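**Student:** Let me give you the structure first, and then I'll get to my questions.
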Amino acid sequence: MTGLTRRVLEARMRLPAAPPGAPGEEAMSESSGPLPEVVRDPRELRRRLDAARAHGARVAFVPTMGALHAGHLELVRHARSLADVVVVSIFVNPTQFGPREDLASYPRDLDGDLRLLAGVPADLVLAPSVEAVYPPGHATTVHVAGLTEGLCGAHRPGHFDGVATVVAKLFSMVGPCVAVFGRKDFQQLQVVRRMAADLDLPVTVIGRPTVREPDGLAMSSRNRYLTPEQRRRATALVEGLRAASSAFAAGQRDPAILQSLIRARLEGRVDGIDYVFVGDPETLRPYEGPVPRGRTALAAVAARIGRTRLIDNAELGTDDLGVPEDRPPGA
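If you read the sequence shown in my numbering, its first letter stands for residue 1091, the second for the next number, and so on.
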């Protein structure tokens, strides 16, 4: 760790210094100040965070799989506003990928991610190996019943078991903290909330609004897979959600009609639809009949464009999806 990096960290976080030769010591960023320090060993991370907490520091944690974009950075900025120490994990978790999914090709750019995090800033990056997270003999899986059965869970068997397991392990590595997640994967957020509550983990889980491109497309690491033509078609997802949101605001409460409005925007523009859902945002189950008076509804969609699977959602009656910057209101 450079002297300046140590002074920045110790002044802001009162973190104990890493031992000489600790893994992941990073150089200075030329444009954004010090790069966050990379920690490879989860036990070393926990040791340092426990020492910081003993001195009164508050810890915030943002779990990611890397390939960071502006949506991730908004989560880190919010974490920065909540705590003295901000930790970001960068770990592509193999247990949440199915056999025909994109684990091998999932984008990885640790150096680029560190440069982005230097500008937020984050303090520490946990970037463990697969073996450090799942050592030989690992045999425990966390399963959250109910919330994982529909939506993406029905189309990606085992996915949320992988998510719940790795997040539980990351929470254990970090220790007591505030954990900040995006709402773009709303089902994942609800699963993590339930898991943390059911296991009595000392973690407060916070969900933040989806960050969108100027044309409304939800930011995602997988957007980089899209060709320019596919990228234009991908806005069908948010256009469908806007149609449902407008109808809901006008008084429409029939889930079937709201779903049909979304599907109408997808038809002819996506290459496959996994699901279109309108239902209870707490249970992730369909409403029996119209959306009850005074309640919101989760509208969620998963569709494929080319070989890329995209998801998006909006809580009807709450979320403001806005309009693209190049389209005037009502256009």
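Every residue gets a Cβ at the ideal spot worked out from N, C-alpha and C, and that includes glycine. Being a predicted model, the structure only gives us computed values, none of them experimental.
In its own chain, which residues sit with a C-beta less than 7 angstroms from the C-beta of R1273, not counting the 5 before and 5 after it?
**Tutor:** Closer than 7 angstroms at the Cβ level, and outside the excluded window around R1273, lie L1279, G1297, R1298, P1299, T1300.
**Student:** Taking just the CA atoms, how far does H1233 sit from P1304?
**Tutor:** 37 angstroms
**Student:** Under the rule that 16 or more other beta-carbon atoms within 10 Å means buried, what is G1362, buried or exposed?
**Tutor:** exposed
**Student:** With a CB to CB cut of under 6 angstroms and the five nearest residues on each side skipped, what residues in its chain are close to F1261?
**Tutor:** L1291, V1293
**Student:** Going by the beta-carbon positions, is the gap between V1264 and F1151 smaller than 9 angstroms?
**Tutor:** yes
**Student:** Please classify V1220: is it buried, with 16 or more other beta-carbons within 10 angstroms of its beta-carbon, or exposed?
**Tutor:** exposed
**Student:** What number of angstroms, rounded off, separates the C-alpha of G1161 from the C-alpha of M1309?
**Tutor:** 6 angstroms
**Student:** List the residues that DSSP assigns as beta-bridge partners of P1382.
**Tutor:** DSSP, once it has assigned bridges, lists no residue as partnering P1382.
**Student:** On the criterion of 16 or more Cβ atoms from any shown chain inside 10 Å, does P1189 qualify as buried, or is it exposed?
**Tutor:** The residue in question, P1189, is exposed, as its Cβ has fewer than 16 Cβ neighbours within 10 Å.
**Student:** What's the C-alpha gap between A1422 and V1149?
**Tutor:** The question about residue 1422 has no answer here: the residues shown for the chain are numbered 1091 through 1421.
**Student:** What's the gap between the Cα of E1164 and the Cα of P1247?
**Tutor:** Each residue's alpha carbon lies about 30 angstroms from the other.
**Student:** Given this structure, state the Cα-to-Cα distance separating A1354 from A1339, to the nearest angstrom.
**Tutor:** A1354 and A1339: Cα-Cα distance of roughly 18 angstroms.
**Student:** Return the residue from the list A1144, A1254, F1276 that minimises the CA-CA distance to A1287.
**Tutor:** Nearest of A1144, A1254, F1276 to A1287, Cα basis: A1254.
**Student:** From this set, D1370, T1386, L1374, R1343, which residue's C-alpha is nearest E1239's C-alpha?
**Tutor:** L1374
**Student:** So what does DSSP say about T1325, is it helix, strand or coil?
**Tutor:** coil
**Student:** Taking DSSP as the reference, what is the three-state secondary structure of Y1315?
**Tutor:** helix
**Student:** Can you tell me whether E1329 is buried or exposed, with buried defined as 16 or more other CB within 10 angstroms of its CB?
**Tutor:** buried
**Student:** Can you give me the Cβ contacts of S1119 inside the same chain, cut-off strictly under 7 angstroms, excluding the 5 residues immediately before and after it?
**Tutor:** A caution first: S1119 carries a pLDDT of 35, below 50, which makes its placement in the model too unreliable to give a value.
**Student:** From which residue to which residue does the beta strand (DSSP E) around P1345 run?
**Tutor:** Element bounds for P1345: not the beta strand (DSSP E) but the alpha helix (DSSP H), 1345–1356.
**Student:** Could you give the first and the last residue of the continuous beta strand (DSSP E) run that contains A1150?
**Tutor:** 1149–1154
**Student:** Using the C-alpha atoms, what's the distance from D1344 back to V1177?
**Tutor:** 43 angstroms
**Student:** CB N1313 to CB R1321, shorter than 9 angstroms?
**Tutor:** Their beta carbons are under 9 angstroms apart, which means N1313 touches R1321 by this criterion.
**Student:** Nearest to L1172 by CA position, among F1181, A1144, A1244, V1270, is which residue?
**Tutor:** With distances taken between CA atoms, L1172 lies nearest to V1270 out of F1181, A1144, A1244, V1270.
**Student:** Is any non-hydrogen atom of the ligand SAM found closer than 8 angstroms to the C-beta of M1309, if you look at the structure I gave you?
**Tutor:** Looking at this structure, you won't find the ligand SAM or any other ligand, since it has none at all.
**Student:** Whose C-beta lies closer than 6 angstroms to the C-beta of Y1196 among residues of the same chain, with five residues either side of it excluded?
**Tutor:** V1182
**Student:** Under 9 angstroms, do L1237 and R1284 count as touching if we go by C-beta distance?
**Tutor:** Between L1237 and R1284, the C-beta gap is smaller than 9 angstroms, which places the two residues in contact.
**Student:** If you follow the beta strand (DSSP E) that T1294 is part of, which residue opens it and which one closes it?
**Tutor:** 1293–1298
**Student:** Measuring straight from C-alpha to C-alpha, what distance separates A1157 and Y1377?
**Tutor:** 36 angstroms
**Student:** When DSSP labels each residue in this structure, what does F1181 get in the three-state scheme?
**Tutor:** coil
**Student:** Could you tell me which uninterrupted alpha helix (DSSP H) segments, each at least 4 residues in length, are contained entirely in the stretch 1228–1265, listed from first to last along the chain?
**Tutor:** 1242–1245, 1249–1264
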